[in-house]
Amino acid sequence: METSTAHVPARIALAHAYARVAKAELHSVEHASRSVSAGNAVLAAIAASDVLCIIHLGLRSGSTNHSDAVELLREFDTEAARDLVVLIKDKAHAHYGVSPVDRDTLTRMIRNMDRLITRANEAVARLKLE
64 METSTAHVPA RIALAHAYAR VAKAELHSVE HASRSVSAGN AVLAAIAASD VLCIIHLGLR
124 SGSTNHSDAV ELLREFDTEA ARDLVVLIKD KAHAHYGVSP VDRDTLTRMI RNMDRLITRA
184 NEAVARLKLE
């Protein structure tokens, strides 16, 4: 989906908001809260990935298939693409699974989300300097 850097502030704000919710529920003992945390970690990572793609490629994936977003990321940042793959792999369990998301999985998801958001924040900071 063609876009411009004018969309970056909204997407990075969305990434930060989803991340806040993900982290707020990280240590909950309630299974539903951990699923909410995991789901929001995925949404934060997708928004951060959109920011990276907008800045580096001038577009973001508009597809409902998250693998398309991974392929766009892979064009310029294989590590970011790997982080997104991990999160997408766990998305189905978080959103649709009947068993609870375990703490180790959730911790891994938050770590991968954080790396993507850090990359997006750095790209935004560079964009403002140019």
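Numbered by our numbering, the letters in the sequence shown go through residues 64 to 193 in order.
Here a beta-carbon is modelled for each residue, glycine too, at the ideal position from N, C-alpha and C.
Computed from a predicted model, the values in this text were never measured in an experiment.
- Around the C-beta of Leu169, 16 or more other C-beta atoms lie within 10 Å, and the residue is accordingly described as buried.
- In this structure, the alpha-carbon of Val133 lies about 27 angstroms from that of Ala95.
- Under the three-state reduction of DSSP, Leu89 is assigned to coil, being neither helix nor strand.
- Residues Ser112, Leu115, Leu136, Arg178, Leu179 and Arg182 of the same chain have their beta carbon placed closer than 8 angstroms to that of Ala143, with the five preceding and five following residues left out of the count.
- Residue burial annotation: Asp167 is exposed, with fewer than 16 other C-beta atoms found within 10 angstroms of its C-beta.
- Listed in chain order, the alpha helix (DSSP H) elements of length 4 or more contained wholly in the segment 125-188 are 129-137 and 141-159.
- Val71 places its beta carbon less than 8 angstroms from that of Ile118.
- Rounded to the nearest angstrom, the Cβ distance from Ala107 to Ala69 is 21 angstroms, too far for a contact under 8 angstroms.
- Residues of the same chain with a CB within less than 6 angstroms of the CB of Ala104, apart from the 5 flanking positions on each side, are Ala85, Met172, Ile173 and Met176 in chain order.
- When the five nearest sequence neighbours on each side are left out, no beta carbon in the same chain lies closer than 7 angstroms to the beta carbon of Ala87.
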